[in-house]
Amino acid sequence: MSGGANLGSRLTADMAADGDIHIRDHVLYELARDLSSSLELDSVLRNVMDRVISLMHASRGFIVLVDPVTNEMSVQMGGGETDTEKSRHFLGSKTVPLVTKGKVIGAVYVDNPFRAAIFEEKDKEFLQAISDLAAIAIDNARQYERSEFLRHLFERYVNKQVTDYVLERSVPGTVFLPGERRHVTMLNSDIAGFSTLSQRMPAQELVNFLNKYFGRMIDIVLMHGGNIDKFQGDGMLVVFGAPNPMDDHAERAYEAAQAMVQEVDRLNGELSGDGLPTIAIGIGLDTGEVVAGHVGSPKRLEFTLIGVPVNNSAYLSKVRPPRVLMSEATRDALLNKVSVVDYEPMLLKGASEKQPIFQLEILEVTTES
């Protein structure tokens, strides 16, 4: 506010000296610089309001904006005189539109009590110049607010890692991003007997159950740095190491699998207490090279992973009875840091003979009584 007061004092002196146009331009330059320092709409509106009141020597002011959806106008910011008795009759006032890109997005209103002729025509011209700068700053803040809303909305449907990956590599005219090879660990989870379970549950109860189940699993995956590639009914395909490379992708996947099984045990305690059937999940882990990139058409794209580990992890997750199984490649990537036991060899995708398979020893879950 002190900056605005200084500018106001200088402006008064300049006006008294027959209005030095160069000083006025300098004032507007400083105002433009200050208004561009923030993209937060409330901060921009407050800055505009404070500066307008100070520079125009007004007692009160309002900023009215047009809602871009409903086209209704409403006061978004006020400043100055707030005493009801003093501000009941404001006679001297000026209102100028906020115009940007040829469109009126609102208006700025300033006034003073009991002095109908306080603002001269040159004051209105100066207020309009201020408002033109303010309109640009307000529009930029609104556009930024909108883009952030869309970004957060997008992240609900696409993992944040993928969102950032796409935005960082996209330029105007980009349709397909080039594929990149990544060394990753894939984690695929699958609920055993889900088809039977889904037939026994009412539709809404089934959706509620899946949301509850996935909500917990997603939190675990994200906490360990995983990227959820896709949901497949009751299944979930997760990658550690793409699109962002990781040196410890196998260890993160292993720890996530441990935590997921433990969380399912906790969930089963709640389901049992509510008289609902409990569940068991199978998890498959495989490590190797995949190609990460966009597939589809210009009308519909999907970031996906292509490679043997994708298929192997899905295959291992469907072994029954359900358990957490990993390939030899994943076991080797863990550098003997974890406890596993031998499982029966299996013929995996791309192999000519059966490969060693290992089962994770899941830690006991301790629940409070």
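Using the working numbering, the first residue of the sequence shown is number 3, and each one after it goes up by one.
Heads up, the beta-carbon is just placed ideally off N, CA and C, and yes, glycines get one too.
All values reported here derive from a predicted model rather than from experimental measurement.
Neighbourhood of residue 208 by C-beta distance below 6 angstroms, restricted to the same chain and skipping five residues each side: Position 206 of the sequence shown, counting from 1, holds the residue named residue 208. Same-chain partners within the cutoff: 200.
Spatial distance of residue 368 from residue 273 (CA atoms): Residue mapping note: residue 368 aligns to position 366 of the sequence shown, counting from 1. Residue mapping note: residue 273 aligns to position 271 of the sequence shown, counting from 1. Low local confidence applies: a pLDDT of 43 at residue 368 is under 50, so the model's placement there is unreliable, with the coordinate-based value given in what follows. Near 17 angstroms, if we compare the C-alpha coordinates of residue 273 and residue 368.
Residue nearest to residue 268 in terms of C-alpha spacing, selected from 215, 289, 292 and 314: Mapped onto the sequence shown, residue 268 falls at position 266. Comparing Cα-Cα distances from residue 268 to each of 215, 289, 292 and 314, the minimum goes to 215.
C-alpha distance - residue 80 paired with residue 146, whole-angstrom precision: Within the sequence shown, residue 80 is the residue found at index 78, counting from 1. Within the sequence shown, residue 146 is the residue found at index 144, counting from 1. The alpha-carbon atoms of residue 80 and residue 146 are separated by roughly 22 angstroms.
Beta-carbon spacing of residue 254, residue 227 below 7 angstroms: Residue mapping note: residue 254 aligns to position 252 of the sequence shown, counting from 1. Residue mapping note: residue 227 aligns to position 225 of the sequence shown, counting from 1. Going by C-beta atoms, residue 254 is nearer than 7 angstroms to residue 227.
Inter-residue CB distance, residue 42 and residue 139 (contact presumed, cutoff 8 angstroms): Translated into positions along the sequence shown, residue 42 becomes position 40. Translated into positions along the sequence shown, residue 139 becomes position 137. Their Cβ separation, rounded to whole angstroms, is 11 angstroms, which puts residue 42 and residue 139 out of contact at 8 angstroms.
Residue 352 and residue 292 closer than 7 angstroms at C-beta: The count along the sequence shown starts at 1 and reaches residue 352 at position 350. The count along the sequence shown starts at 1 and reaches residue 292 at position 290. Their beta carbons are not under 7 angstroms apart, which means residue 352 does not touch residue 292 by this criterion.
Coil, strand or helix - residue 203 by DSSP: Sequence index remark: in the sequence shown, residue 203 carries index 201 (1-based). Coil, per DSSP.
Beta-carbon proximity list for residue 97, same chain, < 6 angstroms, skipping 5 on both sides: For the purposes of this step, residue 97 is identified with residue 95 of the sequence shown, where counting begins at 1. Contacts found: 109 and 111.
Pairwise C-alpha distance: residue 190 and residue 221: Your numbering for residue 221 matches position 219 in the sequence shown. Your numbering for residue 190 matches position 188 in the sequence shown. The alpha-carbon atoms of residue 221 and residue 190 are separated by roughly 15 angstroms.
Proximity winner among 334, 329 and 340, relative to residue 347 (alpha-carbon distances): By one-based count along the sequence shown, residue 347 stands at place 345. The shortest C-alpha separation from residue 347 is found at 329.
Collapsed DSSP secondary structure at residue 278 in the structure displayed: If you number the sequence shown from 1, residue 278 lands on position 276. Coil at residue 278, not helix or strand.
Burial state of residue 323, where buried means 16 or more other Cβ atoms lie within 10 Å: Within the sequence shown, numbered from 1, the residue matching residue 323 stands at position 321. Its Cβ having fewer than 16 others within 10 Å, residue 323 is exposed.
Start and end residues, beta strand (DSSP E) containing residue 347: As a working mapping, residue 347 is identified with position 345 in the sequence shown. Where residue 347 is concerned, the enclosing beta strand (DSSP E) stretches over 342-348.
Helix, strand or coil at residue 284 according to DSSP, with G and I counted as helix: On the sequence shown, position 282 is the one that residue 284 refers to. Three-state DSSP puts residue 284 in a strand.
Buried or exposed (CB count within 10 angstroms, at least 16 for buried), residue 70: Against the sequence shown, residue 70 aligns to sequence position 68. Residue 70 is exposed by the Cβ-count criterion.
Whole-number beta carbon distance between residue 349 and residue 356, since they are thought to touch under 8 angstroms: The residue labelled residue 356 in the question sits at position 354 within the sequence shown. The residue labelled residue 349 in the question sits at position 347 within the sequence shown. Their Cβ separation, rounded to whole angstroms, is 5 angstroms, which keeps residue 356 and residue 349 in contact under 8 angstroms.
Residue interval of the alpha helix (DSSP H) (run including residue 325): Start at 1 with the first residue of the sequence shown, and residue 325 comes out as number 323. Here residue 325 belongs to no alpha helix (DSSP H), and DSSP marks it neither H nor E.
Contact under 7 angstroms by Cβ, residue 106 with residue 186: Against the sequence shown, residue 106 aligns to sequence position 104. Against the sequence shown, residue 186 aligns to sequence position 184. No, they are not a contact pair.
Nearest to residue 132 (by Cα), restricted to the options 56, 325, 354 and 251: Position 130 of the sequence shown, counting from 1, holds the residue named residue 132. Measuring from the Cα of residue 132, the nearest candidate turns out to be 56.
Euclidean distance between Cα positions of residue 258 and residue 264: As a first step, residue 258 must be located in the sequence shown, where it is residue number 256. As a first step, residue 264 must be located in the sequence shown, where it is residue number 262. Roughly 10 angstroms between the two C-alpha positions.
Sequence-distant residues of the same chain with beta carbon closer than 7 angstroms to residue 336, five excluded per side: Position 334 of the sequence shown holds residue 336. Hits under 7 angstroms: 252, 253 and 256.
Between the CA atoms of residue 38 and residue 124 - distance to the nearest angstrom: By one-based count along the sequence shown, residue 124 stands at place 122. By one-based count along the sequence shown, residue 38 stands at place 36. Spanning the two alpha carbons is a distance of roughly 25 angstroms.
Proximity below 7 angstroms, CB of residue 314 to CB of residue 344: To locate residue 314, count along the sequence shown from 1; it is residue 312. To locate residue 344, count along the sequence shown from 1; it is residue 342. No, these two residues do not count as a Cβ contact at 7 angstroms.
Sequence-distant residues of the same chain with beta carbon closer than 6 angstroms to residue 91, five excluded per side: Stepping through the sequence shown from its first residue, residue 91 is reached at position 89. With a pLDDT of 42 at residue 91, under the threshold of 50, the modelled position of this residue cannot be trusted; read the value that follows with caution. No residues qualify anywhere along the chain.
DSSP three-state assignment for residue 357, whether helix, strand or coil: In the sequence shown, the residue the question calls residue 357 occupies position 355. Note: residue 357 maps to strand in three-state DSSP.
Start-to-end residues for the alpha helix (DSSP H) that takes in residue 71: Taking the first residue of the sequence shown as position 1, residue 71 is located at position 69. That residue, residue 71, is in no alpha helix (DSSP H); it is neither H nor E in DSSP.
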